[in-house]
Amino acid sequence: MIALALHGVGHAQATDKRLGQSLALPRNKLPSLDTRHSQLATRHSQLATRNSPLRKKMTNSQLADTLDLLADLLEFQGANSFRTRAYRNGSRTIRNMTESLATLVADSKDLTEIDGIGKSVAGKCQTLIETGSLPQLEELKEQIPQSVLAILRIPGLGPKKAAALYNELGISTLDQLKEACEAEKVRELKGFAAKTEKAILEGIQFAASAGQRIYWSKANELVEELREHMNSCKAIKQMEFAGSYRRGKESVGDLDILVDSKDANKVMDHLVEHSRVADIMVRGETKMSVRLDSELQVDLRVVPEESFGAALQYFTGSKEHNVVVRGRAKKMGLLVNEYGVYRSESDAEDGGLGESIAGATEKEVYEALELPWFPPELREARKEFEWAESDDLPELIQLSDIRGDLHMHTTATDGKNSIREMVDAARKRKLKYIAITDHSQRVSMAFGLDPDRLRQQWTEVDEVNDELGKSFTVLKGIECDILEAGGMDLPDDVLAEADWVLASIHYGQKQSMQQITDRILGAIENPYVTAIAHPTGRIINKRESYAVDLDQVFKAARKHGKLLELNANPARLDLNDIYCAAAKSHGIPIVINTDAHHTGGMDVMQFGILQARRAGLTAADVANTRTWPQMKKMLPARVAT
DNA sequence: GCCGTTTTCGGCCCGACTGTTTTCAGTCG
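Using the working numbering, the letters of the first sequence map in sequence onto residues 58 to 698.
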């Protein structure tokens, strides 16, 4: 039901709606620019609530959020930029870790042994985990209204300028800033002038409404559109979309187009001709930024052929990956920039760069640094350099490795197609087996199945299998709810007749971590459950994960031989990349499923694959790359009978 | 604030673009 509802609330629609509302209202009825402040304030108060000692375990993501907030506020105060960077590095490290920091602290492990975490950050994390709050942060919050953070989102305003506005004019909200610009007060400050005022007024509405990242799937649609448009530009020799899009990140904040051309102006003019381009933010000789009608920013960069690989490497990122790459280069006496790799010794005298030793392709750039070419999905400065060091880069899973899809719905509940239609769609996608997993009775809004209706459906599955013969297999499955009070929504004797039982949480998502974790552990211990579907319940950009202690879930899944799902719905991608990597490190097989509610829904498998690649998963790590008979052997004994 | 195959102190990735300047700071990616 939830997945079905999602089809209607894509980001573009939400944005269009917001825009439409804004435009339709008279100017004096415009929604307050401070809406975002209150959202920020809510977020921070949520953080504060989450930090309360009543909460048992602080998650890595909460700790990372807190460190980021600390960095934001310190930066605003004019703190040493290397210090704030250290906090952000610490935050990123923690966010990327597969083990829970709270567990490490509970086990009396030394956090400073983690790369990038020193005495100070370790101490802060320990305090946060043990007490739920951080005195230094509380103090900062009293000194600086957090609404100033919204001002930092205005393009062109960074910590220095925002601090000047706050210190000189007492501006701490977007509304105050707008008033001051209109009264021409801002131009009186040093470093500001009329043009800046104008830019602020233009950027202020953008800051109030934008900042939302779009799903990778939506970004992909825009990329396809732009690619087709740009392909007709004769001046382009090579073109790639770089950035987080190329890395397959679950959400994308902007698009980066990299072009190899001798005529940058022609390429820029061509992009501007696209009907979606709403305005030009900056335009230089080789670089242009435009805003699309959907408010998404697109950066275009034009480089010569001999630099295309270096530029592609550079603009693909991530930033953190590049920091490591450049640091490594430096140690080797080399300089890496977006134009190539250079020997750096000769740059002092002639003012130019040293001898260029690479740049045309990414491969030769990495080779010059004695590194293998990294698949973009791995370029997050997580494990990739470690793997490269030991010559152990994983051979990442591909869409064509997938043989079965084990989570989908039909007209029996909230799906749009019949079993036979789902079979046809699966066969068109070269799959060999599927599991029909409609909702169980608790999901009444989706007309969930009771034991009678479920057994009736299984009779139909038998009929379909008879028709299909050996060429394709339909499994008798169920997506059985884990009840609020614990326990499964269908009796064991029914579940025992299934080939494949997904257990999932749809209700009681607000419960405490202990309650939710206990419910999931109960499901894992049920002998008939084969996998946990969308294990954290998060909806990207819309709903936080429910509170669940995944350390315990991983241990239990490992012990009882259960699988964990990577739900490929682009709004879910649950488990995410970090947790998929954690599951792998616990030896738990992942099953990537589409949760299709109609035949076209099976196309989302590609998004799950991208996420799995980001986790460093190989075909062997993913259960449904196997044939069904092979896969059955991985399941607890009773299903294999 | 973090870190060490030059370093326990002195570095910390690098360049484009803009606006406000009159040689550069701030911002961005």
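Quick reminder that beta carbons are idealized off the backbone N, C-alpha and C, glycines included.
Boundaries of the beta strand (DSSP E) around E297: 293-298.
C-alpha of W444 to C-alpha of A256: approximately 46 Å in a straight line.
Between I645 and N681, the C-beta spacing is not below 8 Å.
Listed in chain order, the non-local C-beta contacts of R486 below 7 Å within the same chain comprise M659, local neighbours out to five positions each way being set aside. Judged by beta-carbon spacing, F664 lies beyond the 8 Å limit of P693, meaning their Cβ atoms are not closer than that value. For A368, the closest C-alpha among the options R340, K473, V398, A677 is that of V398. In this model, A438 and F504 are separated by some 46 Å (Cα to Cα).
In the structure shown, T684 falls within a coil segment according to DSSP collapsed to helix, strand and coil. Unbroken beta strand (DSSP E) runs of no fewer than 3 residues, entirely contained in the stretch 496-555, are found at 530-538, following chain order. Pairing I577 with I493, the inter-Cα distance amounts to about 22 Å. Of the other Cβ atoms in all chains shown, 16 or more fall within 10 Å of the Cβ of K218; this residue is therefore buried. For M662, the enclosing alpha helix (DSSP H) stretches over residues 662-671. In the DSSP assignment, G147 falls within the alpha helix (DSSP H) that extends over 138-153.
Following the DSSP letters along the chain, one finds R595 in no alpha helix (DSSP H), marked with neither H nor E. Around E297, the same chain offers L315, L369 as residues with beta carbons nearer than 6 Å, after the five sequence neighbours per side are excluded. Of the candidates D320, E395, L559, A625, E395 places its Cα closest to the Cα of G416. Counting along the chain, W273 sits inside no beta strand (DSSP E); it lies in the alpha helix (DSSP H) bounded by residues 273-288.
Distance from the CA of V551 to the CA of I596, rounded to the nearest whole angstrom, comes to 31 Å.
In the three-state reduction of the DSSP assignment, Y490 falls in the strand class, which pools E and B. Boundaries for Q200: no beta strand (DSSP E) harbours it, while the alpha helix (DSSP H) harbouring it runs 192-200, taken from the DSSP string. R671 is positioned such that its CB atom lies no closer than 8 Å to that of G175.
For E622, the enclosing beta strand (DSSP E) has its first and last residue at 620-624. Collapsing the DSSP output to three states places S351 in coil. Exclusion of the five residues before and after A299 leaves D313, L315, L369, F372, T373 as the residues of its chain whose Cβ lies within less than 7 Å of its Cβ. Rounded to the nearest angstrom, the gap between the Cα atoms of A482 and I666 is 19 Å. For R400, there is no enclosing alpha helix (DSSP H); the enclosing beta strand (DSSP E) has its first and last residue at 397-400. Taking one beta carbon from each stretch, the stretch 466-474 and the stretch 632-641 have fewer than 3 pairs nearer than 8 Å; the two do not touch.
Here DSSP, grouped into helix, strand and coil, assigns R385 to helix. Residue environment analysis places V480 among the buried positions, since at least 16 neighbouring C-beta atoms fall within 10 angstroms of its C-beta.
Sixteen is the threshold: since fewer than 16 other Cβ atoms of the shown chains lie within 10 Å of the Cβ of G390, the residue is exposed.
Going by DSSP, W430 is part of no beta strand (DSSP E) at all; its letter is neither H nor E. Put simply, of L130, N277, H654 the residue whose alpha carbon is nearest the alpha carbon of E478 is H654. Straight through space, the alpha carbons of T593 and Y144 are spaced by roughly 27 Å.
Checking the DSSP bridge columns, you'll see S308 partnered with Y272.
Between the alpha carbons of K440 and E427 lies a gap of roughly 17 Å. Excluding its 5 nearest sequence neighbours in each direction, F431 has C-beta neighbours in its own chain below 6 Å: E441, listed in chain order.
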